[in-house]
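For the sequence shown, counting from 1, position 134 maps to 605 in the working numbering; every step adds exactly one.
Where is the CB? At the ideal position from N, CA and C, for every residue including glycine.
These figures come from a predicted structure and were not determined experimentally.
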Amino acid sequence: MPRVRFGVVLLLPHPVADEVDGLRRACGDPALDQIAPHITLAPPVNVGDSDIPQGLAVLRRAAAWGGPLDLRLGPVTTFPTEEHVAYLAVDGGGDDPEGQCQTLEELRAAVFVPPFERDLDHDFVPHVTVSQGLDTERLVNVLAATAGYRDRPVRFDALYLLEQRHGPAGRRWVAVADVALGAPVIVGRGGLPTELTSGELVDPEAAAWLADQRASGAADKSDSGSEAEPDLDPVGSRPLVTVARREGAVVGVGQGWTAGPAADLVELTVGDPNDGTNDHLAAAWWSAAASRRAG
């Protein structure tokens with residue numbers, strides 16, 4: 472059975488990610504070009520192709536635990552038993568640091584289940600790796616050079632699924648799915664409920680559904696009206712994707728972008744134009760766009 476190597480993380484948002492990457496570069500992190508700065512919740516594990524839908528469902532359930540997570544990064548320190556790693560410590564932030572730490576623990580527990588669960592030889596310690604593979608002398612120099620790093624408040628608003636891919640430049644971890652932290656929109660509770668979740672990426676399950684719909688010509692698609700291929704990710708914008716699922720199966724995808732106060736729902740694809748999914752999908756997409764502007 473084909474298998475894919477996945478990990479579940481909280482990716483650092485920009486511009487904090489750029490700041491931490493600068494720190495990683497200065498400290499000579501060998502993984503700088505392989506993975507973005509992150510907090511690992513479920514470490515790398517091989518998942519069978521047939522288990523990917525289960526994994527995406529785990530991601531959605533975990534994200535529904537609560538809203539955005541406020542944490543603090545720093546100082547730079549090291550594991551007592553693993554002196555070759557320097558990392559930014561992670562602690563609770565916001566108005567309720569202890570509560571935010573508890574939420575982080577619950578979030579980690581919610582994703583560390585099959586198919587992402589595996590045997591570990593260490594306890595969960597939230598951290599952001601700054602460098603690894605350091606000898607003792609280099610580690611001492613790194614800790615001394617970063618002693619003045621001030622704690623940095625960071626808000627995380629999404630869970631990410633990373634996939635390890637192989638290319639000419641070697642192995643890299645690429646984000647293939649994300650889910651905004653917070654309860655999903657549920658419509659049609661009295662009949663057949665439709666779950667609507669938003670993020671920046673078209674996840675593997677939604678991508679496969681879109682490919683099938685376009686290949687069969689069965690999809691009902693509306694877009695900006697232009698005959699040209701719609702631009703779903705113009706320069707300077709942030710993608711916004713909303714996926715509709717019914718009984719766990721994808722039934723519609725809305726794609727567009729936001730850029731400051733501007734937003735454009737560029738393309739809606741639904742399987743059945745007569746079941747109301749189109750309207751629910753559009754409403755959820757615009758609600759997610761409004762939440763971004765408010766944040």
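Distance between residue j and residue i (C-alpha atoms, nearest Å)
i, j, result
"R589", "V480", "15 Å"
"P501", "P639", "17 Å"
"S758", "V529", "24 Å"
"Q573", "T548", "22 Å"
"A507", "L703", "23 Å"
"L605", "G545", "19 Å"
"A679", "Y620", "44 Å"
"D594", "L542", "19 Å"
"L736", "G723", "14 Å"
"Q603", "V556", "4 Å"
"G707", "Y631", "21 Å"
"G747", "A715", "11 Å"
"D668", "L540", "Note that residue 668 is Thr in the sequence shown here, rather than Asp. Their Cα atoms are separated by approximately 18 Å."
"D683", "V645", "23 Å"
"P732", "R709", "12 Å"
"A730", "H637", "32 Å"
"R717", "L663", "7 Å"
"A734", "I523", "31 Å"
"D622", "G688", "53 Å"
"Q505", "D489", "15 Å"
"W728", "V613", "40 Å"
"V656", "G719", "14 Å"
"P484", "P744", "36 Å"
"P486", "W756", "25 Å"
"E634", "L494", "24 Å"
"R642", "L503", "12 Å"
"G565", "T552", "31 Å"
Burial state of residue i (16 or more Cβ within 10 Å)
i, result
"F550", "exposed"
"R496", "exposed"
"Q726", "buried"
"R685", "exposed"
"S521", "exposed"
"L591", "exposed"
"D567", "exposed"
"T740", "buried"
"D674", "buried"
"E676", "buried"
"E749", "A small fix is needed here, since residue 749 is Asn in this sequence, not Glu. Counting Cβ neighbours within 10 Å, N749 comes out buried, since at least 16 surround it."
"T617", "buried"
"A581", "buried"
"A761", "exposed"
Which residues DSSP lists as bridging residue i, in chain order
i, result
"R476", "N517"
"S602", "A557"
"Y631", "V480, D649"
"V658", "T665"
"R543", "D562, P624"
"W644", "Q635"
"P710", "W728"
"H796", "Nothing can be reported for residue 796: it is not among the residues displayed for the chain, which extend from 472 to 766."
"H593", "Beta-bridge pairing links H593 to no other residue."
"A686", "Bridge partners of A686: none, in fact."
"T617", "Note: T617 sits in no beta bridge, so no partner."
Same chain, Cβ closer than 6 Å to residue i, neighbours up to 5 away in sequence not counted
i, result
"V658", "T665, H751"
"P515", "R476, G478"
"G742", "V722"
"C498", "V601, S602, V613"
"R763", "T729"
"F583", "A513"
Residues of its chain near residue i, where Cβ-Cβ distance is below 7 Å and the 5 sequence neighbours each way are ignored
i, result
"V518", "R474, V475, F477, G526, P586"
"G670", "A629, D649, V650, A651, V712"
"E577", "W536"
"P705", "W728"
"G538", "L652, G653"
"R579", "L512, F595"
Same chain only: Cβ atoms within 8 Å of residue i, ignoring 5 sequence neighbours per side
i, result
"A753", "G725, L736, L739"
"E569", "G563"
Taking contact to mean at least 3 C-beta pairs separated by less than 8 Å, is the stretch 597-606 in contact with the stretch 560-580? yes
Quick check: the stretch 626-643 against the stretch 606-615, are there 3 or more CB pairs under 8 Å? no
Cβ contact check for the stretch 521-538 and the stretch 640-652: 3 or more pairs under 8 Å: yes
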